[in-house]
Amino acid sequence: MSEIWGSLHLYVFANHKQEAKDFETEFANWIEPKNVQDFLYSLKPFVKEKMFLTKLRTTFKQNQIKDDIYLNQAANDEPMELMINWYIIWALLIFGILLLKLGGLYYVKHFED
Numbered sequence: 027m028s029e030i031w032g033s034l035h036l037y038v039f040a041n042h043k044q045e046a047k048d049f050e051t052e053f054a055n056w057i058e059p060k061n062v063q064d065f066l067y068s069l070k071p072f073v074k075e076k077m078f079l080t081k082l083r084t085t086f087k088q089n090q091i092k093d094d095i096y097l098n099q100a101a102n103d104e105p106m107e108l109m110i111n112w113y114i115i116w117a118l119l120i121f122g123i124l125l126l127k128l129g130g131l132y133y134v135k136h137f138e139d
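Under my numbering, the sequence shown has 64 at position 38, and the numbering climbs by one with no breaks.
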């Protein structure tokens, strides 16, 4: 029997940044009611004052879920955003293409003779 994997994303509005065991924080920042529409307009009625939004994520095997998820207040309310460094991604992509091209030319020249 193959293992069934899942992914769980929690969006938590609270007075402070939250954390949970075995979850990674992907986003954490203060949200003003006027800015809620930027995230999801349907949440506007629920956010009536400045709150802290924390996005938590985890992956798990189906048989690993044995208990409830308990949220805890984080040690600080430091904002955090998951950032992708596009310069590194582009550099790796270009390096890979060059490596394939040069490797391909070497292969063709080496076996033509």
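We treat Cβ as the ideally placed atom computed from N, Cα and C, and that holds for glycine.
Quick caveat: nothing in here was measured; it's all calculated off a predicted structure.
Outcome for residue i when other beta-carbon atoms lying within 10 angstroms are tallied against a minimum of 16
i, result
"LYS81", "buried"
"PHE78", "buried"
"ALA54", "buried"
Length of the line joining the Cα atoms of residue i and residue j
i, j, result
"LEU128", "LEU118", "15 Å"
"GLU50", "HIS42", "16 Å"
"ASP94", "TYR113", "40 Å"
"GLY32", "LYS60", "34 Å"
"PHE121", "ASP48", "35 Å"
"GLU104", "VAL62", "19 Å"
"GLU29", "ALA101", "35 Å"
"ASN98", "GLN90", "21 Å"
Cβ separation of residue i and residue j, assumed to be a contact under 8 Å, to the nearest whole Å
i, j, result
"LEU108", "GLU52", "5 Å"
Identified DSSP bridge partners for residue i
i, result
"TRP31", "LYS87"
"PHE39", "LEU79"
For this session: Quick one: which unbroken alpha helix (DSSP H) runs of 4-plus residues sit fully inside the segment 41-110? Chain order, please.
Result: Runs found: 62-65.
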